[in-house]
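All the letters of the sequence shown, read from the start, carry residue numbers 0 to 82 under numbering that gives the first Met the number 0. Built from N, CA and C at the ideal position, the CB exists for glycine as well. What follows is a set of notes on a single structure, which appears directly below.
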Amino acid sequence: MATPVTVGLVALLFAQDPARDAADVENIIMESVDKISSMDGKIVSGGRINAYSALIYDGEGEGEGEGEGEGASEQTGGGGSGS
């Protein structure tokens, strides 16, 4: 399910600002992930995608909404089934 979620976030980021290029979107996603120590070294980002943090990312680094983003991820992550 990681690919559909990531592609959805990419679409949201391009819809938010169509002038962005692919490198901008990649940077926003990579800088706005929720870091998870157990994923460090196993995946490139070292964490899980956080759509809220990506959408409010201002380019000045991590931390914007970081605490809120973790709660939002947990709330949305547990609601879906489908498997």
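Check your understanding: Does DSSP classify G66 as helix, strand or coil?
Key -> Caution is warranted here: a pLDDT of 45 is assigned to G66, below 50, making its placement in the model unreliable, and the coordinate value is therefore given only provisionally. Looking at G66 - three-state DSSP - the assignment turns out to be helix.
Exercise for review: State the DSSP-derived secondary structure class of G7, mapped to helix, strand or coil.
Suggested key: helix
Point to revise | Boundaries of the alpha helix (DSSP H) in which S52 is found, first to last residue | key: A50 to I55
Review point. When DSSP labels each residue in this structure, what does D33 get in the three-state scheme?
Key: strand
Check your understanding: Is the distance from the Cβ of E5 to the Cβ of I48 below 8 angstroms?
Key -> It should be pointed out that residue 5 corresponds to Thr in this sequence rather than to Glu. Yes, the Cβ-Cβ distance between T5 and I48 is below 8 angstroms.
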